[in-house]
Every structure is written in C-alpha cells, then in structure tokens.
Amino acid sequence: MNVELLTINNLARAKEEIAKVGVSPVSVNIMAPKAVFRVIKVYGLPATAANILKQEMLSKGGEAAVHAGSVNCTQPSGDVILMGTLRQYRRVIKSLRIQPVGLPLLAEKLKVLLDDLEA
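If you want it as structure tokens, here you go:
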C-alpha cells in the first residue's frame, strides 16, 4: 500500500484519475466536479450581497471569507474570497441567479470564469 498526492487542476484531469481506478462512466461524471477545488476572489461586493453569498456558499458546503464588518453591515463593501469545488460553485451559481443586489450578474461572472478555466 502506498499513498500519493494528486494535483487535479481541471475537470478533464479529475475524470481521467477517477476513471483510472475503475469507476463506472456514469459515476465518473458525478464525482469529477467534486475533485476540482477553486479559490476565487470577488472585489468590491456590497455587504448585503457578501452576506447572501457567504450563506449560499456555506449552504452548499463551500466557504466564503468576508470582512468582519460585513455581517452587521458596518463595512459597506469589501472583497470576498470564495473556496469550493466545481460542484459547489455550480449549485451556488444556480442559487445566485434568483437573488437580489447584483448577485445574478456575479453568478454569470463566476460561470464564465469557471468555464474559461475548463476550456
């Protein structure tokens, strides 16, 4: 028995490595988005939007680092660092599309960014 750290930077590599262990083709497509982790920085997000974004990321199993003053809106806006898998981002993007305060636009920007990384 040995162990190895895998570096998986994109969906294609995730599918390749998962398939190598003999997973069924259907399961490869289900598991692969869970194997790709992305950290994304969002700049200048209003506190209300940052709070909603953090709640959405947490509810999908991801994380969002926001300014401490965002919680009670004493910091009117700030940057946010998002941490999650492709699967979590896909779920968050879907939720953001129906939220207020500019979050549908952020959803589209996140989708484009993530799609470009996979191209």
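Going by my numbering, the first residue of the sequence shown is number 51, and it counts up by one from there.
Every residue, glycine too, gets a C-beta built ideally from N, C-alpha and C.
Secondary structure of residue i, DSSP reduced to three states
{"i": "Val71", "result": "coil"}
{"i": "Ile131", "result": "strand"}
{"i": "Arg140", "result": "helix"}
{"i": "Ala62", "result": "helix"}
{"i": "Pro154", "result": "helix"}
Contact under 8 Å by Cβ, residue i with residue j
{"i": "Leu132", "j": "Gly112", "result": "yes"}
{"i": "Leu153", "j": "Ile90", "result": "no"}
Local Cβ density within 10 Å of residue i, reported as buried at 16 or more and exposed below that
{"i": "Lys70", "result": "exposed"}
{"i": "Asn101", "result": "buried"}
{"i": "Ile80", "result": "exposed"}
{"i": "Met107", "result": "buried"}
{"i": "Ala169", "result": "exposed"}
{"i": "Val86", "result": "buried"}
{"i": "Leu103", "result": "buried"}
{"i": "Val130", "result": "buried"}
Of the residues the options, the one placed nearest residue i, counting alpha carbons only
{"i": "Ile143", "options": "Val121, Val116, Gln105, Gly128", "result": "Gln105"}
{"i": "Gly119", "options": "Thr98, Arg141, Tyr93", "result": "Thr98"}
{"i": "Asp166", "options": "Asn60, Glu66, Ala115", "result": "Asn60"}
{"i": "Ile58", "options": "Arg88, Gly72, Ser77", "result": "Arg88"}
{"i": "Gly94", "options": "Gln125, Gly134, Leu163, Arg147", "result": "Gln125"}
{"i": "Ala64", "options": "Val73, Gly72, Pro83", "result": "Pro83"}
Chain D within 8 Å of residue i, Cβ atoms only
{"i": "Ala118", "result": "The structure shown contains no chain D, having only a single protein chain."}
Item to complete: Please specify which runs of the alpha helix (DSSP H), each continuous and at least 4 residues long, are wholly inside the region 72 to 125, giving them in chain order.
Response: 75 to 81, 97 to 109
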